[in-house]
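Working notes for the structure below.
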Amino acid sequence: NILRTRVLVFMICALLAAVSGILYASQIQGAHMQVGVLDTIPMFASVVVGGTALTGGIGGVHRTLLGVLIIRWLDSGLSMLAIDLNVRMIIFGAIAIIMAILTIDRRRIKFIK
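Count along the sequence shown starting at 1, add 55, and that's the number in the numbering used here.
As C-alpha cells, this is what we get:
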C-alpha cells in the first residue's frame, strides 16, 4: 500500500526530527527559535551542489554527501579568510540558485527551452 508506506515514512522522519531537536536542545542546554536558521541555506546548497534535481528523480545520498563536503570546505575557507557571515550566505545562495538552474530538465518543462 503506497499511501500507508508514505505515511509511515513521514512519521519516522518526524520522530527522528523530534529526537534530534531534543538532543540538540540538551546539548546547548536550552532552546531558541532561531537555532539552525543560518544552516538552512548551506544545507540547501549542499543538496543541489550534490546534483539532486529540484524536480525529483535525480540524485542520491552519496552525491548529497559530496555536496556537503564541498560546501563545508568552502565555508571553512571563507571563514578562514574572515569573510562576513552575511556575504557567505549570499555566496551560498548564489551557488544554490545557479546549481538549481543547471539541474532543471528542460525537456520536461515546456516554457523553458
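For glycine and all other residues, C-beta sits at the position ideal for the given N, C-alpha and C. If you're wondering where the values come from, they're calculated on a predicted model, not measured in any experiment.
In angstroms with no decimal places, state the Cα-to-Cα distance between residue i and residue j.
i	j	result
I96	A151	8 Å
S243	N56	Absent from the model: residue 243. The displayed extent of the chain is 56 to 168, so no value can be given.
G114	T158	10 Å
C68	L58	15 Å
V90	G76	10 Å
Can you find a CB in chain D that lies within less than 8 Å of the CB of residue i?
i	result
S134	In the displayed structure, chain D is absent; only one protein chain is listed.
Grab the span of the alpha helix (DSSP H) containing residue i for me, first residue to last.
i	result
V62	57–82
T110	Segment: none, T110 is in no alpha helix (DSSP H) and carries neither H nor E.
M88	Premise fails: M88 is in no alpha helix (DSSP H) and is neither H nor E.
A151	140–157
G132	116–135
Heavy atom of the ligand HEM less than 7 Å from the Cβ of residue i, yes or no?
i	result
T119	Absence of the ligand HEM is noted for the structure shown, with no ligands found whatsoever.
Starting from the C-beta of residue i, find all residues in its chain whose C-beta is less than 8 Å away, skip the five residues before and the five after it, and write them out in chain order.
i	result
R118	G105, G106, T107
L93	L140, M144
Please return the same chain residues whose Cβ sits closer than 6 Å to the Cβ of residue i, not counting the five positions on each side in sequence.
i	result
I125	V104
F147	I96, P97, A100
Within its chain, find whatever has a CB closer than 7 Å to the CB of residue i; leave out the 5 residues flanking it on each side and keep chain order.
i	result
A155	V103, L109
query: On the three-pair Cβ rule with 8 Å, is the region 79–89 touching the region 129–146?
result: no
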